[in-house]
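Sequential numbering from 508 applies to the sequence shown in our numbering.
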Amino acid sequence: MRRFILSAILIIATIAVCRAQEQELTIEAPWGNIAATLSTPAGDTSTAMLIIAGSGPTDRNCNSALNLNTYAFKMLSDELTREGFAVLRYDKRAIGLSHYPADEVPNLVFQDFIDDAALCVDYLHDVGYERIIVAGHSEGGLVAINLALRNDIEVDGLVLLSAAGYSMETILMRQLSDQLMPSHMGLMISATNIIQCLKRGEDVPEDRIPKELLSLFHPTVQPFLRSYLTTDPAELIAAIEIPVLIISGGRDIQVSVDNAERLLASAEHGEHATFDNMSHVLKDATSSDRIEQLVSVYTNSQLPLTEGLTSRISQFINNL
508 MRRFILSAIL IIATIAVCRA QEQELTIEAP WGNIAATLST PAGDTSTAML IIAGSGPTDR
568 NCNSALNLNT YAFKMLSDEL TREGFAVLRY DKRAIGLSHY PADEVPNLVF QDFIDDAALC
628 VDYLHDVGYE RIIVAGHSEG GLVAINLALR NDIEVDGLVL LSAAGYSMET ILMRQLSDQL
688 MPSHMGLMIS ATNIIQCLKR GEDVPEDRIP KELLSLFHPT VQPFLRSYLT TDPAELIAAI
748 EIPVLIISGG RDIQVSVDNA ERLLASAEHG EHATFDNMSH VLKDATSSDR IEQLVSVYTN
808 SQLPLTEGLT SRISQFINNL
């Protein structure tokens, strides 16, 4: 009987030790509040990771209204918490629960998102975390790089997940070419002309944008596009003095592996890990077919993260 009671106590204690916590919180910003989730392991830790989402209306879980339903950031947070690290993920300004005045959205520029990420790093330091790693996914990778270059922010390491190694101009032209050429030459020419106008600082009225391209180049997003269209992440990363882990997927239909290789060539303290079957949303795909991935991977919240991804990130953090 005594042995049974001791066993039961041991089981209960083990469950308690393994139970992580997830806290919903808000981080005060000049424009309002950043809605965020802080996940903490059961044991003490001095290390926290900040996850920065990619482009468009992507929320803190790597979901969006644009038919994206992956929960990839939630999964990554859960796995890293089990590895013993705290993780903060948040809704970008004007996305999810980070409410922002609708009439101010057209005035957003790329710097605004860097400023908000800086507030999240400050929060982590304020609540006692001594070592901060910033993980940026896709466009969030460029936010992370810019964040690490700020003199007023202390960051100990960067993890770039499916991040671009070329300017947004180059990425857009590549993606549009893959989707529009050669069947839709007229749309490709229109897109090229619009991008050239934005580079010159010009506004492109809605009636000059084909409806097929309107979601990408709508007048309300043009100030944002202009604010970082020609920024070269490979040039920026060359000035970073902290360790950088660059992760790419062999079946990424949005950012090819050569982007990671270009970043690595410029990063003084960089290392590169490629997962052959990983898609852009950090989950394995059975092929590189765009339509097939959009249907079977980008909308599958039950699909697990690519095997080995979290352990590779954990190894990087432990070696800092």
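Quick reminder that beta carbons are idealized off the backbone N, C-alpha and C, glycines included. Quick caveat: nothing in here was measured; it's all calculated off a predicted structure.
* Asked: What did DSSP end up calling ALA527 once you bin it into helix, strand or coil?
  -> Here residue 527 is taken as the residue at index 20 of the sequence shown, counted from 1. Coil, per DSSP.
* Through-space distance from PRO564 to GLY603, alpha-carbon basis -> Mapped onto the sequence shown, residue 603 falls at position 96. Mapped onto the sequence shown, residue 564 falls at position 57. Straight-line measurement puts the Cα of PRO564 at about 8 Å from the Cα of GLY603.
* To do: Tell me whether the beta-carbon of LEU694 lies closer than 8 Å to the beta-carbon of LEU687.
  => Taking the sequence shown and counting its residues from 1, the one referred to as residue 694 is at position 187. Taking the sequence shown and counting its residues from 1, the one referred to as residue 687 is at position 180. Cβ distance < 8 Å, so LEU694 and LEU687 count as in contact.
* Asked: Cα separation between ILE798 and PRO750?
  -> Start at 1 with the first residue of the sequence shown, and residue 798 comes out as number 291. Start at 1 with the first residue of the sequence shown, and residue 750 comes out as number 243. So the alpha carbons of these two residues sit roughly 36 Å apart.
* Report, in whole angstroms, the separation of the C-beta atoms of THR554 and ARG638, which I expect to be a contact under 8 Å. => As a working mapping, residue 554 is identified with position 47 in the sequence shown. As a working mapping, residue 638 is identified with position 131 in the sequence shown. Indeed they touch by this definition, with Cβ atoms about 4 Å apart.
* How about the stretch 556–573 and the stretch 635–653: do they share at least three Cβ pairs that are nearer than 8 Å? -> Between the stretch 556–573 and the stretch 635–653, the count of Cβ pairs shorter than 8 Å is three or higher; the stretches touch.
* I think ASN766 touches ALA670, with their Cβ atoms under 8 Å apart; what is that distance to the nearest whole Å? -> The residue you call residue 766 lines up with position 259 of the sequence shown. The residue you call residue 670 lines up with position 163 of the sequence shown. Taking 8 Å as the upper bound for CB-CB distance, ASN766 and ALA670 are in contact here, some 7 Å apart.
* Meets three-Cβ-pair contact criterion under 8 Å: the stretch 779–794 and the stretch 695–703 -> For the pair of segments examined, the stretch 779–794 was found not to touch the stretch 695–703: the number of CB pairs separated by less than 8 Å stays below three.
* To do: Work out the CA separation of ARG589 and ASP623 for me, nearest whole Å.
  => Reading the sequence shown from its first residue, position 116 is the one you call residue 623. Reading the sequence shown from its first residue, position 82 is the one you call residue 589. Rounded to whole angstroms, ASP623 to ARG589 spans 27 Å at the Cα level.
* May I have a chain-ordered list of the alpha helix (DSSP H) segments no shorter than 4 residues that lie completely inside the stretch 709–762? => Counting only runs that start and end inside the stretch 709–762, the alpha helix (DSSP H) elements of at least 4 residues fall at 721–724, 729–735, 740–744.
* Using DSSP with H/G/I as helix, E/B as strand and the rest coil, what is ARG797? -> Taking the first residue of the sequence shown as position 1, residue 797 is located at position 290. DSSP, read as helix, strand or coil, puts ARG797 in helix.
* Using only alpha-carbon positions, find the residue among GLN682, ILE701, PHE724, ARG567 that is nearest to PRO613. => Translated into the one-based positions of the sequence shown, residue 613 becomes position 106. If we check each option's Cα against that of PRO613, PHE724 comes out closest.
* **Nearest residue (CA-CA) to GLU742, options GLU748, PRO726, GLU768, ALA774** => Numbered from 1 along the sequence shown, position 235 holds the residue referred to as residue 742. Per the Cα distances, ALA774.
* Asked: PHE731 to CYS627, Cα distance in whole Å?
  -> By one-based count along the sequence shown, residue 731 stands at place 224. By one-based count along the sequence shown, residue 627 stands at place 120. Cα-Cα distance, rounded: 21 Å.
* Asked: Which residue comes first and which comes last in the alpha helix (DSSP H) that contains ILE701?
  -> Walking along the sequence shown from the start, residue 701 turns up at place 194. Under the DSSP assignment, ILE701 falls in the alpha helix (DSSP H) whose first and last residues are 692–706.
* To do: Return the bridge partner residues of LEU595 from the DSSP annotation.
  => The residue you call residue 595 lines up with position 88 of the sequence shown. LEU595 is bridged to LEU545, LEU557.
* Asked: By Cβ distance below 8 Å, which residues in the same chain neighbour GLN809 in space, the five residues on each side in sequence not counted?
  -> Position 302 of the sequence shown, counting from 1, holds the residue named residue 809. None.
* Short Cβ contact (8 Å threshold) for SER818 with LEU587 -> Counting from one through the sequence shown, the residue named residue 818 turns up at place 311. Counting from one through the sequence shown, the residue named residue 587 turns up at place 80. No; because the gap between Cβ atoms is not below 8 Å, this pair is not in contact.
* Three-state class that DSSP yields for MET785 in the structure shown -> The sequence position of residue 785 within the sequence shown is 278, counting from 1. Taken through DSSP and simplified to helix, strand or coil, MET785 comes out as strand.
* **Within 8 Å, strictly: CB atoms of SER786 and VAL762** => Along the sequence shown, one-based indexing puts residue 786 at 279. Along the sequence shown, one-based indexing puts residue 762 at 255. It is not a contact, given that the beta carbons lie outside the stated cut-off.
* Please confirm if MET675 has its CB atom under 8 Å from at least one CB of chain B. => Among the chains of the structure shown, chain B does not appear; only one protein chain is present.
* Asked: Around the C-beta of LYS790, are 16 or more other C-beta atoms found within 10 angstroms, so that it is buried, or is it exposed?
  -> For the purposes of this step, residue 790 is taken as residue 283 along the sequence shown, with counting starting at 1. It counts as buried.
* **Nearest candidate by alpha-carbon position, reference VAL802, set ASN540, GLU535, HIS632, LEU573** => Residue mapping note: residue 802 aligns to position 295 of the sequence shown, counting from 1. Comparing Cα positions, the closest option is LEU573.
* Asked: Start and end of the beta strand (DSSP E) containing HIS776?
  -> Taking the sequence shown and counting its residues from 1, one reaches residue 776 at position 269. Taken as a continuous stretch (DSSP letters only), HIS776 belongs to no beta strand (DSSP E), as it is neither H nor E.
* **Spatial neighbours of LEU575 in its chain, beta-carbon cut-off 6 Å, leaving aside the 5 residues before and after** => To locate residue 575, count along the sequence shown from 1; it is residue 68. Excluding positions up to five away in sequence, the list reads TYR805.
* Would you decide whether THR737 is buried or exposed? Buried here means 16 or more other CB atoms lie within 10 Å of its CB. => Residue numbering aside, residue 737 sits at position 230 when the sequence shown is read from its first letter. Burial is judged here by how many other beta carbons sit within 10 angstroms of a residue's own beta carbon; THR737 has fewer than 16 and is exposed.
* Which residues DSSP lists as bridging SER808, in chain order -> Position 301 of the sequence shown holds residue 808. As far as DSSP is concerned, SER808 takes part in no beta bridge.
* Classify ARG758 as buried or exposed, calling it buried when 16 or more other Cβ atoms lie within 10 Å of its own Cβ. => Within the sequence shown, numbered from 1, the residue matching residue 758 stands at position 251. Under the 10 Å beta carbon count, ARG758 is surrounded by 16 or more other beta carbons and is classified as buried.
* Could you name the residues of the same chain whose beta carbon sits closer than 6 Å to that of GLN528, not counting the 5 residues immediately before and after it, in chain order? => The residue given as residue 528 occupies position 21 in the sequence shown. If we look at GLN528 and ignore the five residues flanking it on each side, its Cβ neighbours are THR547.
* **Alpha-carbon to alpha-carbon, ASP551 and ALA523** => Indexing the sequence shown from 1 puts residue 523 at position 16. Indexing the sequence shown from 1 puts residue 551 at position 44. Since pLDDT at ALA523 reaches only 39, below the 50 mark, its modelled position is unreliable, and no value is offered.
* **Simplified DSSP state of SER571, which is helix, strand or coil** => The sequence position of residue 571 within the sequence shown is 64, counting from 1. Note: SER571 maps to strand in three-state DSSP.
* Check whether the Cβ atoms of SER605 and ILE541 sit closer than 8 Å, and answer yes or no. => Indexing the sequence shown from 1 puts residue 605 at position 98. Indexing the sequence shown from 1 puts residue 541 at position 34. Their beta carbons are under 8 Å apart, which means SER605 touches ILE541 by this criterion.
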